[in-house]
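Since the structure comes first, as structure tokens, the remarks are kept for the end.
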Amino acid sequence: MKVWTHDPSTVLVEVFTGIARGSMAGLPICNPVLQVEAIGFRRMAAGHWAGLMITPWAINLLCLPGSDDGWPALTAGGKHDWAFPSGDYEFIVAGEERLGVYHLCSLFSPALEFADHEQARLVALATAHALFAEPVAPPAPAAAASRRAFLGLGA
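Numbers in the working numbering are just positions in the sequence shown, counted from 1, shifted up by 11.
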């Protein structure tokens, strides 16, 4: 298993750019205005790397192993839930020669609804922000006001 000791963004862009120019080139599920871009990759508390990947055919959330510890031993097509500050999400196991095994969660596939790359990038950035944000605590319940106070008649 390939373990990523550093941010995988540069290699992800290289690999998916090659796929975009090769086996995916010209397919009707590809949006020709989208480029390959890695967004917001960071090492998670569990040790793996997570971030978003824009390609002409999809916007996916990806997880890649950052250590041997805690990475599930699953075969391609298997499923695994990863925990994020915003909740748990189901991923599908995939693999690629240069990347090794990785997990993906499809957010937009195909990504045909985007008019330009900047729109897709803004959606990916907003998704990353929401995904990695801690949930907002509900407001503390306010003290119940009496009917007399509500009507301005004192407590």
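Backbone N, C-alpha and C fix where the C-beta goes; we use that ideal spot for every residue, glycine too.
Is DSSP giving residue i helix, strand or coil here?
i, result
"Glu25", "helix"
"His59", "coil"
"Leu142", "helix"
"Arg54", "strand"
"Ile103", "strand"
"His128", "helix"
"Ser20", "helix"
Just grab the DSSP bridge partners of residue i for me.
i, result
"Cys116", "Leu72"
"Pro49", "The amino acid at residue 49 is misidentified as Pro; the sequence shows Ala. The partner list for Ala49 (beta bridge, DSSP) reads Met64."
"Ala94", "Asp99"
"Gly111", "Glu107"
Does the distance from the CB of residue i to the CB of residue j come in under 9 angstroms?
i, j, result
"Asp99", "Val44", "no"
"Leu123", "Ile40", "yes"
"Trp93", "Met55", "yes"
"Ala57", "Ser97", "no"
Among the options, whose alpha-carbon lies nearest the alpha-carbon of residue i?
i, options, result
"Asp18", "Gly62, Thr28 and Ile70", "Gly62"
"Val24", "Arg109, Ser120 and Gly88", "Arg109"
"Ala69", "Val112, Met12, Trp60 and Arg132", "Arg132"
"Ala87", "Arg32, Leu73, Asn42 and Val104", "Val104"
"Ala49", "Ala57, Thr28 and Met12", "Thr28"
"Phe95", "Ala144, Ser20 and Leu115", "Ala144"
"Trp60", "His114, Glu107 and Thr66", "His114"
(message) Could you check whether the region 74-81 touches the region 25-45, counting it as contact only if at least three pairs of C-beta atoms, one from each stretch, sit closer than 8 angstroms?
(response) no
(message) Taking contact to mean 3 or more Cβ pairs, one atom from each stretch, closer than 8 angstroms, check whether the region 124-139 and the region 82-89 are in contact.
(response) Contact fails: fewer than three Cβ-Cβ distances are below 8 angstroms.
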